[in-house]
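Working notes, beginning with the structure itself.
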Amino acid sequence: MIFPVKQFGLIFRLVEEKDAAFILSLRTDPKLSRYLNSTADSLKQQQGWIRNYKKREKRGEEYYFLFADEREMPLGVIRLYNILGKTYTGGSWLVSPGADEFAAISSDLFLLIFGFEVLGMEQCLIDTRKSNKKVVRYHRMFSRQTGEDEDNFYFEMDKADYCRKREFLTKIINDK
Amino acid sequence: MDIKSFVQNFAEQFDDIDTSGFTPETQFKENEEWSSMTALSVIAMVDQNYSVQLTGNDIRGSSTILDIFNIVSEKVKQ
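Residue numbers (the working numbering), protein chains in the order written: chain E, 90 to 265; chain C, 13 to 90.
And the structure:
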């Protein structure tokens with residue numbers, strides 16, 4: 090896949106060091122950051138994190154996407170990581186509060202297609218903070234809960250779940 | 013399917029704001045918590061509770077909870 094990719098009304102590209110300020114603005118947003126692990130909280134630390142990520146990206150270990158609207162206004166980020174055999178983890182999903190109503194769905198669908206079809210993965214793992222109720226409800230629609238601890242729910246999604254989810258989400262997005 | 017329980021189910025998708033004043037006429041996009049994540053949560057709630065799939069047009073074309081209720085009611089009949 091050659092980036093940037095225009096799909097579902099959004100532009101997707103791999104994160105670059107120049108995106109550090111935007112990502113930091115999302116990760117330090119009081120509402121969004123409630124559901125995140127502690128973050129590199131300075132611009133310099135964020136830039137350093139991205140530099141290290143680019144090495145993992147080059148080795149095919151991780152893919153961190155920024156998505157923007159058609160005017161190239163950044164709207165959010167989403168990440169595919171922990172690739173082990175045919176299994177990966179999807180997460181670090183942040184959408185700017187001012188984004189289009191369907192930006193969350195479009196970006197999730199993009200990452201699923203990238204994982205299952207472009208990379209040929211067969212299983213997606215997801216962990217979500219219990220307090221992130223909206224996302225928990227969403228994942229329960231298509232994924233099986235495999236466990237929980239004090240803070241998180243753990244889900245998994247196989248290829249059949251993916252196909253069901255892709256059909257459901259595509260119908261929503263295409264009916265604009 | 014009744015409007016009272018629908019409003020209650022709809023209100024439960026909002027985690028941060030006071031929804032005690034939600035009524036069928038509430039303009040659900042006119043509050044600070046409405047976002048793409050809330051839209052997604054509403055779609056999930058309608059699918060799970062009413063076995064109805066809302067579309068992009070359904071959400072975009074609606075402004076009150078009653079608008080969504082009417083769409084769901086129509087789809088339930090189909």
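Beta carbons are placed, not taken as given, at the ideal position from N, Cα and C, and that holds for glycine.
- With a threshold of 8 Å between beta carbons, E/K147 makes no contact with chain C.
- For E/A192, the closest Cβ of chain C is nearer than 8 Å.
- Inter-segment contact for the stretch 99 to 106 of chain E and the stretch 155 to 164 of chain E is present: three or more beta-carbon pairs are separated by less than 8 Å.
- Take C/D28, set aside five residues on each side of it, and the residues of its chain with a beta-carbon closer than 7 Å to its own are E45, in chain order.
- Here DSSP, grouped into helix, strand and coil, assigns E/R253 to helix.
- Three or more pairs of CB atoms, one per stretch, sit closer than 8 Å, so the stretch 38 to 58 of chain C contacts the stretch 190 to 209 of chain E.
- With a cut-off of 8 Å on Cβ pairs, the stretch 250 to 261 of chain E is in contact with the stretch 219 to 232 of chain E, counting three or more such pairs.
- Look at the stretch 91 to 163 of chain E and you find these whole runs of beta strand (DSSP E), each 3 residues long or longer: 94 to 96, 99 to 103 and 152 to 157.
- DSSP places E/M246 in the uninterrupted beta strand (DSSP E) bounded by N241 to D247.
- Between E/P186 and E/F111 a beta carbon distance of about 13 Å is seen, past the 8 Å cut, so the two are scored as non-contacting.
- For C/T67, the three-state secondary structure derived from DSSP is coil.
- Nearest to E/M246 by alpha-carbon distance, out of E/E239, E/T235 and E/G149, is E/T235.
- Closer than 8 Å to the CB of C/T50 there is at least one CB belonging to chain E.
- Judged by beta-carbon spacing, E/T176 lies beyond the 8 Å limit of E/L201, meaning their Cβ atoms are not closer than that value.
- Put simply, the backbone Cα of C/A56 is about 32 Å away from that of E/I91.
- Neighbours of C/A23 in chain E, taken as residues at a C-beta separation under 9 Å, are lacking, since the least C-beta distance is about 13 Å.
- Per DSSP, E/I194 is one residue of the alpha helix (DSSP H) stretching across A192 to I202.
- The closest CA to that of E/N263, considering only C/D59, C/N69 and C/K87, is found on C/N69.
- The C-beta of E/Q135 has 16 or more other C-beta atoms within 10 Å across all chains shown, which makes the residue buried.
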